[in-house]
Amino acid sequence: MVSTGDDPHEECGVVGVRAPGQDAARLAFFALYTLQHRGQEAAGIVTVDDGVAHVHKGQGLVSSVFNEENLSTLAGPLAIGHTRYSTTGGSGLRNAQPQVIETIDGPLGVAHNGNLVNAHVLRRELLERGVGLQTSSDTEVMVHLLTGAGGDWMTRIKVLMSRAEGAFALTILTKDAVYGVRDPWGFRPLVVGKIDDGYILASETCAFSAIGATFDREVEPGEIVRIDDDGLHIEQGAVPKQRAFCTFEQIYFSRPDSMHGGHLVHSTRQRLGRELAREAPVEADLVVPVPDSGTPHAVGFAQESGIPYTEGLIKNRYVGRTFIEPTQQLRDAGVAMKFNPLGDNLFGKRVVMVDDSIVRGSTSGPLVKMLRDAGAAEVHVRVACPAITDPCYMGVDMASREELIAAQNSVEEIRVHIGADSLAFLSIDALMRGLEADEGYCNACFTGDYPFESERFVQLQLKTKEQFAQVWGD
Ligand code: SF4
Numbered sequence: 003m004v005s006t007g008d009d010p011h012e013e014c015g016v017v018g019v020r021a022p023g024q025d026a027a028r029l030a031f032f033a034l035y036t037l038q039h040r041g042q043e044a045a046g047i048v049t050v051d052d053g054v055a056h057v058h059k060g061q062g063l064v065s066s067v068f069n070e071e072n073l074s075t076l077a078g079p080l081a082i083g084h085t086r087y088s089t090t091g092g093s094g095l096r097n098a099q100p101q102v103i104e105t106i107d108g109p110l111g112v113a114h115n116g117n118l119v120n121a122h123v124l125r126r127e128l129l130e131r132g133v134g135l136q137t138s139s140d141t142e143v144m145v146h147l148l149t150g151a152g153g154d155w156m157t158r159i160k161v162l163m164s165r166a167e168g169a170f171a172l173t174i175l176t177k178d179a180v181y182g183v184r185d186p187w188g189f190r191p192l193v194v195g196k197i198d199d200g201y202i203l204a205s206e207t208c209a210f211s212a213i214g215a216t217f218d219r220e221v222e223p224g225e226i227v228r229i230d231d232d233g234l235h236i237e238q239g240a241v242p243k244q245r246a247f248c249t250f251e252q253i254y255f256s257r258p259d260s261m262h263g264g265h266l267v268h269s270t271r272q273r274l275g276r277e278l279a280r281e282a283p284v285e286a287d288l289v290v291p292v293p294d295s296g297t298p299h300a301v302g303f304a305q306e307s308g309i310p311y312t313e314g315l316i317k318n319r320y321v322g323r324t325f326i327e328p329t330q331q332l333r334d335a336g337v338a339m340k341f342n343p344l345g346d347n348l349f350g351k352r353v354v355m356v357d358d359s360i361v362r363g364s365t366s367g368p369l370v371k372m373l374r375d376a377g378a379a380e381v382h383v384r385v386a387c388p389a390i391t392d393p394c395y396m397g398v399d400m401a402s403r404e405e406l407i408a409a410q411n412s413v414e415e416i417r418v419h420i421g422a423d424s425l426a427f428l429s430i431d432a433l434m435r436g437l438e439a440d441e442g443y444c445n446a447c448f449t450g451d452y453p454f455e456s457e458r459f460v461q462l463q464l465k466t467k468e469q470f471a472q473v474w475g476d
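All residue numbers for the sequence shown refer to our numbering, where the first residue is 3 and numbers rise by one.
Written as structure tokens, this is what we have:
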């Protein structure tokens with residue numbers, strides 16, 4: 003299986019379930035199944051039954067990690083789960099989540115979506131205190147911060163929040179409760195759903211419909227949600243900062259049938275496509291999406307421009323991610339394995355190819371060539387987000403600055419590189435109009451304006467983190 007290597011990648015999906023009288027592990031499984039798009043490298047579920055933890059984790063897709071036999075061993079009304087895409091912290095089973103340990107207060111499980119930018123400082127402190135570390139992941143650091151602090155679990159989580167800097171949406175399992183925790187910026191999503199007498203926490207609302215749950219509320223930035231025998235409790239765990247929800251959740255990561263801020267993601271993407279058509283119109287005969295992520299944007303572009311929408315590229319939806327091929331030549335071959343053109347639709351037509359984003363530029367060129375080879379008379383590329391000029395340190399595997407094509411090249415240079423007749427990116431202003439927001443979003447990968455102290459500080463942190471990863475052979 004081959005990846006094109008030009009998509010940004012999310013770093014995980016998390017769930018948490020408290021479902022009295024129900025099979026919490028099975029609910030967690032189906033919730034994770036719908037969050038598969040957030041990570042395909044490993045999956046895990048841990049449950050607690052009468053104070054005893056049961057855990058199963060494995061590498062691969064949720065559907066291949068779990069079966070009736072191992073699910074039946076995960077007894078209990080409380081569960082958390084995780085599906086993993088790794089960047090820092092390697093992809094091996096050792097780093098698979100949830101991480102679970104035994105403590106004096108019973109079992110503790112933690113599942114994390116995000117990336118700590120001060121993990122190396124915290125790791126150093128733990129090592130100096132004589133705490134042994136088994137993995138290179140941030141999650142283990144958080145587990146030790148929780149166990150090292152005093153007081154009840156709510157107090158310990160507040161201590162964790164005061165020390166951890168960066169992006170974290172967590173589900174935490176103890177012997178008698180499930181917790182949801184969101185960092186003070188709210189980089190990564192975390193939502194609460196209601197199911198019969200219980201509750202579910204999930205990265206996205208699409209997980210709710212899979213198990214018959216209904217949306218209850220978002221976990222707001224800096225909040226801790228505790229779900230126990232007495233229901234749902236909410237506490238402010240840390241003072242919220244300037245909200246910085248990841249714009250890429252709206253543009254690309256989240257499933258189109260999820261809701262963010264009360265808006266269906268699919269509708270938001272159509273609005274971005276309409277903004278794009280207004281901002282960068284073009285004379286053409288057809289609007290063609292790069293499926294599947296470019297589809298709603300292309301629908302919006304077609305609606306606004308009046309240019310007919312049609313499919314021009316068919317995607318092999320069963321092509322997954324692999325780390326095997328690093329070369330450009332093989333990446334190009336990966337595109338050919340992932341997409342095929344619909345020649346009859348394209349022949350002699352002036353085509354607008356709408357994509358959600360361009361990261362390295364390694365996919366767009368081969369796709370433009372594919373459309374031309376299939377007979378398209380002209381290929382105009384329209385991108386439903388601004389040019390990506392800066393890397394992400396908040397849990398998204400984007401690319402280094404050197405690899406980002408828009409960090410190194412002008413729009414005209416990129417147009418020439420990908421062989422398009424014209425090329426346009428959505429502006430930041432149009433992006434925010436499409437999101438129907440003036441603020442509240444992180445746009446650092448488009449602007450270089452990071453919500454942390456300084457980018458140099460973050461880079462220093464991550465460099466040390468990479469060194470830790472090398473020590474572990476990840
Ligand atoms: S830098 Fe970009 S990808 Fe990273 S959190 Fe901000 S908007 Fe999302």
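Ideal Cβ placement from N, Cα and C applies to all residues, glycine included.
- Burial state of residue 117 is buried, judged by a 10 Å Cβ sphere holding 16 or more other Cβ atoms.
- Shortest gap from the CB of residue 441 to any heavy atom of the ligand SF4: 8 Å or more.
- A residue is listed when its beta-carbon falls short of 5 Å from at least one non-hydrogen atom of the ligand SF4; in chain order these are 248, 249, 250, 394, 396, 398, 444, 446, 447.
- Membership of residue 410 in any beta strand (DSSP E) is not indicated; the residue belongs instead to the alpha helix (DSSP H) covering 407-410.
- The way I'd put it, the segment 46-62 doesn't touch the segment 213-222; fewer than three beta-carbon pairs between them come closer than 8 Å.
- Between residue 109 and residue 20, the CB-CB gap reaches or exceeds 9 Å.
- Looking at the DSSP output, residue 61 sits in a beta bridge with 44.
- Counting along the chain, residue 291 sits inside the beta strand (DSSP E) bounded by residues 288-291.
- Apart from the 5 residues on each side of it in sequence, residue 65 sits with its Cβ closer than 7 Å to the Cβ of 35 in its chain, given in chain order.
- Looking only at 373, 143, 246, 86, the smallest Cα-Cα distance to residue 394 is reached by 246.
- A direct Cα-to-Cα measurement between residue 158 and residue 149 gives close to 8 Å.
- Taken in chain order, the whole alpha helix (DSSP H) runs of length 4 or more contained in the segment 105-151 are 121-130, 140-150.
- Straight through space, the alpha carbons of residue 363 and residue 403 are spaced by roughly 13 Å.
- With contacts defined by Cβ atoms closer than 9 Å, residue 382 and residue 292 do not form a contacting pair.
- Annotation: the continuous alpha helix (DSSP H) that includes residue 298 extends over 297-307.
- Remark: C-beta atoms of residue 172 and residue 398 do not approach each other more closely than 9 Å.
- Cα atoms of residue 42 and residue 248: separation of roughly 20 Å, rounded to the nearest angstrom.
- For the 9 Å CB-CB criterion, residue 373 and residue 314 form a contact.
- In this structure, residue 378 lies near residue 352, with their beta-carbon atoms less than 9 Å apart.
- Less than 9 Å divides the Cβ of residue 289 from the Cβ of residue 300.
- For residue 160, the enclosing alpha helix (DSSP H) starts and ends at 155-165.
- One Cα belongs to residue 125, the other to residue 132, and the distance between them is close to 11 Å.
- Shown here for residue 164: same chain residues with a beta carbon closer than 7 Å to its own, the five before and five after excluded, namely 240 in chain order.
- Under DSSP, residue 15 takes part in a beta bridge, and its partners are 85.
- Going by C-alpha positions, residue 407 is about 29 Å away from residue 244.
- The beta carbon of residue 432 lies closer than 6 Å to those of 277, 281 in the same chain, with the five residues before and after it left out.
- Taking the Cα of residue 411 as reference, the smallest distance to any Cα among 434, 445, 446, 361 is reached at 361.
- Per DSSP, the continuous alpha helix (DSSP H) segment holding residue 446 begins and ends at 446-449.
- Look at residue 184 here: in three-state DSSP terms it is strand.
- Non-local C-beta neighbours of residue 311 in its own chain, meaning closer than 7 Å and more than five positions away in sequence, comprise 289, 300, 301, 304, ordered along the chain.
- DSSP places residue 355 within a strand segment (E or B) once states are collapsed to three.
- Boundaries of the beta strand (DSSP E) harbouring residue 424: 424-427, taken from the DSSP string.
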